[in-house]
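Numbering (our numbering), first residue to last: 9 to 283.
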Amino acid sequence: MPELPEIETIRLRLRNGDHESPSIVGRKILSARLFWNRTLAYPTPDEFQNQIQGEIIQDVLRRGKFFVFPLSTKYLLIHLRMSGDLIVEDDSYKVHKHHRLIFSLSDGIRFAFNNPRKFGRVWLLDDPKPILGELGPEPLDPDFTKEDFYGRLHPRRRQLKPLLMDQHFLAGLGNIYTDESLFRARLHPVSLASTLTRLESENLFEAIRDVLRQGILRNGASIDWVYRGGDFQNYFFVYRRTGEPCYRCGTPIKRIIVGQRSTHFCPNCQRLSRD
DNA sequence: ACGAGCGCCTGTCGGC
DNA sequence: TGCCGACAGGCGCTCG
């Protein structure tokens, strides 16, 4: 389920708690149970079990699509990849079949990494920089400006869609929010980045920020069997609307494959400008 | 530098 | 009912 707005929604629930589950901040990790070894990117299962015990969760942060948990002496990083959720529940519950890693916390509560497709990864590190330092800027960072964006975009001879989804270029966009951003900016997904005018680049920058902010306000999107509780899926303009009329001009929304991914756009509103 | 192809996984959905 | 292919919010790896 994971793009920036969904990760942010889960982050806020973990940090602040809600009517169903308490915050995990300030709680001690008593033990960890691993159900799928390859969930751990680093270190080994034995080292992980030993090092995590007794650590206290200091905060719940986010960088791009990564969850960042500063602990007493280390950093826990979690990436959901294509599916999954982070769940706080009573430790006496029957273990769900897709739970891959469970942290038992104080007061009979547990913190579970649910990951049906097993693509998600967990790191326990002294220093998160080697992983997080590779990421591009945070799109919603107030210090990230439209001039910065143009400066990064303009030198690139690359199609817009795969460039925007490249986490080294910009951190947080995935398939949904990229398609929605390009529609709002009226840009064709395979236009080359280097061909954008300064104005087009600024429009794209603002579109990305608007879409991400709206996604967060709606608590993310919930589609398929991975239901999250957000409702941004009801406000998509193009994503998974193949054949349905464009809300702006009525032209049927088109679906093509770009960079191995489904791509949805309005062939009338989003014209190609290759060179 | 860039794009295409593929692997990694489990599940849903539609067609026959 | 079952089987089969297409598809799914990600990313890292090869290979041209």
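Glycine included, every Cβ here is placed at the ideal spot set by N, Cα and C.
Only a predicted model underlies this, so the values are computations on that prediction, with no experimental measurement involved.
Per DSSP, the unbroken beta strand (DSSP E) holding LEU109 starts and ends at 107-113. Residue burial annotation: TYR243 is exposed, with fewer than 16 other C-beta atoms found within 10 angstroms of its C-beta. In its chain, beyond the 5 residues on either side, ALA40 have a beta carbon closer than 7 Å to the beta carbon of GLN57.
Annotation: the continuous beta strand (DSSP E) that includes SER39 extends over 37-42.
Within the same chain, and ignoring the five residues on either side of THR47 in sequence, the residues whose Cβ sits closer than 8 Å to its Cβ are ARG108, LEU109, PHE121, ASN123, LYS126, GLY128, ARG129, VAL130.
Around the beta carbon of PRO138, a 10 Å sphere encloses fewer than 16 other beta carbons of the protein chains shown; the residue is thus reported as exposed.
Between the beta-carbon of LEU161 and that of SER209 there is about 5 Å, and that keeps the pair under the 8 Å contact cut. With fewer than 16 other CB atoms across the displayed protein chains lying within 10 angstroms of its CB, THR205 is exposed. Between the C-alpha atoms of ARG71 and LYS154 there is a straight-line separation of about 20 Å. Here VAL103 is exposed, its C-beta having fewer than 16 other C-beta atoms within 10 Å. Your pair GLY144 and HIS176 checks out as a contact, with CB atoms roughly 5 Å apart and the cut at 8 Å. Exclusion of the five residues before and after ASN24 leaves SER31 as the residues of its chain whose Cβ lies within less than 7 Å of its Cβ. Taking the Cα of ARG221 as reference, the smallest distance to any Cα among ILE65, TYR185, PRO253, ILE64 is reached at TYR185. ASN227 is classed as buried because its beta carbon has at least 16 other beta carbons within 10 Å across all chains shown. Taking the C-beta atoms as reference points, VAL266 is found nearer than 7 Å to PRO197.
The DSSP assignment places 137-140, 154-161, 168-173 as complete runs of the alpha helix (DSSP H) inside the stretch 123-186, in order along the chain (cut-off: 4 residues).
Per DSSP, the continuous alpha helix (DSSP H) segment holding LEU207 begins and ends at 206-225. In terms of Cα proximity to GLY159, the closest of ASP93, PHE43, ALA201, LYS73 is ALA201.
Here the C-alpha atom of PHE43 lies approximately 42 Å from the C-alpha atom of ILE261. PHE273 and PHE74 have their C-alpha atoms spaced approximately 28 Å apart. Nearest Cα to ILE224 within the set GLU252, LEU195, LEU181: LEU181. In this structure, GLN59 sits near LEU132, with a CB-CB distance shorter than 7 Å. Going by DSSP, ARG263 is part of the beta strand (DSSP E) stretching over 262-266.
Taking a contact as a CB-CB distance under 8 Å, the pair LEU79 and ILE65 counts as one, their CB atoms being some 6 Å apart. ALA179 is positioned such that its CB atom lies closer than 7 Å to that of GLU146. When secondary structure is reduced to three states using DSSP, GLU63 falls in the coil class, being assigned neither helix nor strand. Linking ILE37 to ALA229 through their CA atoms gives a straight-line distance of about 30 Å.
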